[in-house]
Amino acid sequence: MNIRRYAWVIELLAASVVVLLVLYTINHTVIKRDNLGYSSLSRTLPDYYAQPADSVDVLLLGTSKTMSGLMPAILWHEYGISSHLLAGTGQAPLLSYYLLEEALKSQHPKAVVVEGNMLLRINNLDYLDEAYYATIDHIPLSLTKIKLALEMWSYAEYASPEVTLLPFIRYHQRWLKLTKTDFVLDPIYRRSLHGAWLWPARRVQLAEGYMAIDDGGAAIVDFAGIYMQRIADLCAHEGIQLVIVNMPDQNWSTSRSDLTMAWGQERGVPVIELNDSDNMAELVLEPGVDLFDPSHLSKEGAVKATRIVGRFLRDAGVPDRRGTALEAEWNLDYDFYEAYRRVVDLRDTTDPGTWLQFVNNPDYTVLIVSRLDMTEALVGDVPWLLSQLGVKANLTATPTWSYIGIVRGGQTIYEQFEDEPITYDTDLADGRHVRISSNTDEPNPSIVLMDGIHQGGGQQGITFVVYSHQMRSVVDVITLNSSPPRHFIR
Amino acid sequence: MSLTSLWFYVLVAVLLAVYYITPGKARWVVLLIASWGFYLLAASQYAPYLAATTFSTWLAGRLMGREQVRLDAQLADDGERKVLQAASRKRKARISAGAILLNVAVLATVKYGGFAASNLNVLLDAIGRDWRVPVPELLIPLGISFYTFQSLSYVIDVYRGKIESQPNLARYALFVGFFPQMVQGPIGRYDALAPQLLAANRFDFERIKDGLGLMLWGFFKKLVIADRGALIVANILSNGDTYQGLYVPLAMVLTALQVYCDFSGGIDIVTGVAEMFGIQLATNFRRPYLAQSVPEYWRRWHITLGAWMRDYVYYPLALWPPLARAGRWLRRAGLKRLGVLLPAMTAELVVFAVIGIWHGAEWKWLVYGLYYAILIILGLVLGPYATKVGNALGLRDERWSTKALRITAVFALACMGRYITRADNLSHTWELLLRTKAAWNPWILTDGSLWTLAGSNNETLVLLAALGLLGVVSVLQERGFALRERIAAGGRAAQWSVIIVAIVVVVLFGVYGPDYPSVFVYELF
Amino acid sequence: MDKLLDILQDLRPEVDFESEQALIDDGLLDSFDIVTLVSDIRETFGVEVGIDDLVPANFNSVAAMQALIERLERA
């Protein structure tokens, strides 16, 4: 055999490897990642894969109702249960099934909690493709993903298999919008909310006796039923306890409740009906505190709902992992959850006074930049609150217009007040590099950069960039300016 | 299955492996199965049309072949040569006329039936009759304009004795249905294409790389230039109030470039695919926008259609005895020049009218064809005077400035033609002309207004850079610079570097994906 | 030969056909002239000039045309 005759095989293989590497790199550059954030659908799977082997005892699947209503941090804090949410906005059981199949490759959970609502509502894949792909894009190419791609395609025209399997087909146009953040390949913050979304409270009218209404029209949707059955079969096959949870929902009805109960009964699957009278009596949902909207709990309501589900899981034999090797990591995650709760409240604030009070916390370093006369913005108790925060300079003084400051929990770390542009570079206590500039030569008149990545500024007025040391991340940016009515710009 | 679908290329890769593993003698069978497989996958409902055309033209070829055998036997018996030949010719003419009429009738019915009927109804209405012809609503079978012409050329070539007829229906079916050229050509000739299709082409990795390179160049033209250009054109044309004056001719310039990149890009892709199987398809484009005259433009644009028209319509018609007699009569009557021009001019008019409506059953396509017929006839009639004027002005053929002037003029005329084809219909053409006249705004060229048309500066920059590259490559090729050979001479590293860079450029900068449905313009003809 | 020259002279009296060797390549005869010329040849000599014969080489000189006609007459 003449070796030279087959040199082309080696050439072809080598070239294919290079081409695949190039495509892989492009793919990973253009897909949507969220390595600077901590709570988004594109973090769901990366956070899950980052969990130590055999450390997740409970998987939670479902829609936004589950994401916002069940808190892994609370399951840990109250019962020592280690869990992870793989729920997603508008998640169809088809996706839940494949996420479960994918998840079982790296963990051996004791229980899987699935939202009962999915049986009745999600009858196709025709919407929320953005949300679906935000999660799916992070599943590595595998047989599971190929099956998922083919089955999605059979239900939704947009989901042609190459688009599912090669995400760059969807995202390549993002080369226009790539920023430095797209090249942050590892999450900056390694703590995790385990897939939870913390939603602020809204004033929602409770529907009077909503469970009394029998809308009669409820039925199990074929598409959902097929995949819920497959989830049940997979759990049975793997010896995993499947639990159905009906999340508190003002649009729920007795007929829907009965249908899911019957579905569970037929299969010997327990159903936790959080809308029934016993559980409602325990929950005592308060409008303005516990609800985000009629169908979603706020982060406070979620704590109450999680307690009930956790108690059930504990009684069902899910182990308490406190006192094991997992404890230290999970405690840090719980602290992170607490820090994030504060951030949600901070971000939900639109009153300058309240906001400044929330910001006055030793966890936050506040980076301030301003380049205009602030006389009209700094009214009421705002100047006093600023001084409490650590701003010593009198920002209402004219004609001085260039100010930069770094304050933390009432302490002034740095301050400069000039008639000319200022640029200041420094490292924060945890080593993050910061540049604050009011230089007019910059593309934006005033900016805050952190490790070279733009964080805020660019608007006229006084800009506050809030950095949380616990979360290792910028958590809020607001600007106060002098042109009413929008004194407060987020 | 579209040429821009990833799965097409996955299948092509599998097919390549199967093709070269199969023993040489049976390789053509792989191509035949693949060709019919693709057709059934893409448009199974039209398969009977393709089958009918294949069978009828094959049968005509066979019958003529047998007629030839009989004639040869008779001639060997030393009969009346001329008489026998003439009689045989007549029989062959009847056979080929039958096949031609049948296939032209099918093509005309599916493609022009609706158009003819609705226009007849307009006419009936105009003369006050209240009965109507039913308007058939037939869909146009995939590739019919291409495969019909290809198989008709076979029939005529057999008739003319240029080629031997193909005794094997399956082998002939491969010639008619070869999958890469099914959708948008090029229109192949039996003598050039069939031997390659039926041969046991040997595996040649260099050729496969060449084919891959050509495909990528096609994708670059199609996805990076044509599809991005099309977005801008659509933006300008659909926002009539915003974009007036110079924007409209600019959109036409862009349309001209877009259609060229779309069509020639598609041809490059299929030529590259065929090349991987060791098959060289007919050349369909030779940098038409570097032509220095309108006839030259048509010898460089959609070459296989132009050549088909020349061989099977133009010359037969120009040499048609009644026309020749009319010309002679005019010459004798003292109208010498007109007598000479008449047959050719008539043929030119008919050819371009046919080229026009070949694109589609709409009045605008007829007008488009006639636009070029008039340009060419004017050129021939006024040519001698133009040369005199040019000489007086000191324009010398060999000067680059003269060439540039001519190239610009021909390109401008091609862009003018796009007012007809890009418009929805003729009244829309008129509207576009009025919109051009509605504002005087040459400053948009310099004040940055054009930058935003593509959506963002970066997108405009990509389009301009891509067009720049196309321009440089075109000029190099025009000067005989063998780009592909030069790259290959650089060794494997150079070849693969170019291929990989091309992949990156197409993957990142191409316009494709779920948000952009992609079709080739000429698929629709 | 004379009949052919008559046809040519009638078509383009200003051209010196007997000495020109590049009638087509130099542009002395254009495509319109060729069409007329071919139909005249067909009429006068009774031969079928095929499409494939319409190449510059066959029409560049009187001799070439003569050769073409003789070849076609033999066929």
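Residue numbers (this note's numbering), protein chains in the order written: chain W, 1 to 490; chain Z, 491 to 1015; chain R, 1016 to 1090. Note that CB positions come from ideal geometry on N, CA and C, so glycine has one too. None of these values were measured; they are calculated from a predicted model.
Can you find the residues in the same chain that come closer than 6 Å, C-beta to C-beta, to residue i, ignoring five residues on each side of it along the sequence?
i	result
Ala928(Z)	Gln734
Ile74(W)	Val303 and Thr306
Val857(Z)	Ile910
Gly1000(Z)	Leu713 and Val714
Leu1044(R)	Leu1038
Val952(Z)	Phe999
Ala684(Z)	Phe665
Ile422(W)	Ser402, Ile404, Gln416 and Ser438
Pro270(W)	Val243
Please return the same chain residues whose Cβ sits closer than 7 Å to the Cβ of residue i, not counting the five positions on each side in sequence.
i	result
Gly588(Z)	Ala550
His138(W)	Ser42, Leu45 and Pro46
Ser160(W)	Trp153
Ser142(W)	none
Which partner residues of residue i appear in the DSSP bridge assignment?
i	result
Gly405(W)	Ile368(W) and Glu415(W)
Asn246(W)	Glu273(W)
His792(Z)	According to DSSP, which records beta bridges pairwise, His792(Z) is partnered with nothing at all.
Ser473(W)	Ser468(W)
Leu297(W)	Leu291(W)
Gly457(W)	Ile447(W)
Ser160(W)	Partner(s): none; Ser160(W) has no beta bridge.
Val623(Z)	Note: Val623(Z) sits in no beta bridge, so no partner.
Thr423(W)	Ser437(W)
Under three-state DSSP, which class holds residue i?
i	result
Ile1049(R)	helix
His487(W)	coil
Ser64(W)	helix
Ser1076(R)	coil
Gly264(W)	helix
Asp54(W)	coil
Gln535(Z)	helix
Ala983(Z)	helix
Val115(W)	Correcting the residue type first, residue 115(W) is Glu in the shown sequence and not Val. In the structure shown, Glu115(W) sits in a strand (DSSP, three-state: E or B).
Leu346(W)	helix
Val596(Z)	helix
Ile31(W)	coil
Ile462(W)	strand
Thr44(W)	helix
Ser492(Z)	coil
Distance check for residue j and residue i, CA to CA, integer angstroms please.
i	j	result
His28(W)	Val988(Z)	22 Å
Val763(Z)	Leu493(Z)	10 Å
Leu885(Z)	Ala746(Z)	27 Å
Ile489(W)	Asn361(W)	21 Å
Pro248(W)	Pro72(W)	17 Å
Trp933(Z)	Pro739(Z)	14 Å
Tyr779(Z)	Val900(Z)	7 Å
Gln250(W)	Arg408(W)	42 Å
Ile977(Z)	Ala984(Z)	6 Å
Leu12(W)	Tyr24(W)	18 Å
Ser68(W)	Phe336(W)	17 Å
Gly555(Z)	Gln564(Z)	14 Å
Ala808(Z)	Val830(Z)	11 Å
Ile867(Z)	Val840(Z)	12 Å
Asn394(W)	Tyr467(W)	23 Å
Excluding the 5 residues preceding and the 5 following residue i in the sequence, name in chain order all residues of the same chain whose CB lies nearer than 8 Å to its CB.
i	result
Thr512(Z)	Val519 and Val520
Trp853(Z)	Asn915 and Leu916
Tyr602(Z)	Ile847 and Ala851
Spell out a yes or no on whether the segment 1068-1082 of chain R and the segment 1027-1041 of chain R are touching, meaning 3 or more CB-CB pairs, one atom from each, closer than 8 Å.
-> Touching, yes.
Are the segment 662-682 of chain Z and the segment 609-628 of chain Z touching, with three or more C-beta to C-beta distances below 8 Å?
-> The answer is no - the segment 609-628 of chain Z does not touch the segment 662-682 of chain Z, with fewer than three Cβ pairs under 8 Å.
Counting pairs of beta carbons, one from the segment 226-243 of chain W and one from the segment 98-109 of chain W, are three or more of them closer than 8 Å?
-> Because the criterion of three Cβ pairs below 8 Å is met, the segment 226-243 of chain W and the segment 98-109 of chain W touch.
contact_flag[the segment 311-330 of chain W, the segment 57-73 of chain W] where n(CB pairs < 8 Å) is 3 or more | In the pairwise beta carbon analysis, the segment 311-330 of chain W is classified as touching the segment 57-73 of chain W: at least three pairs are separated by under 8 Å.
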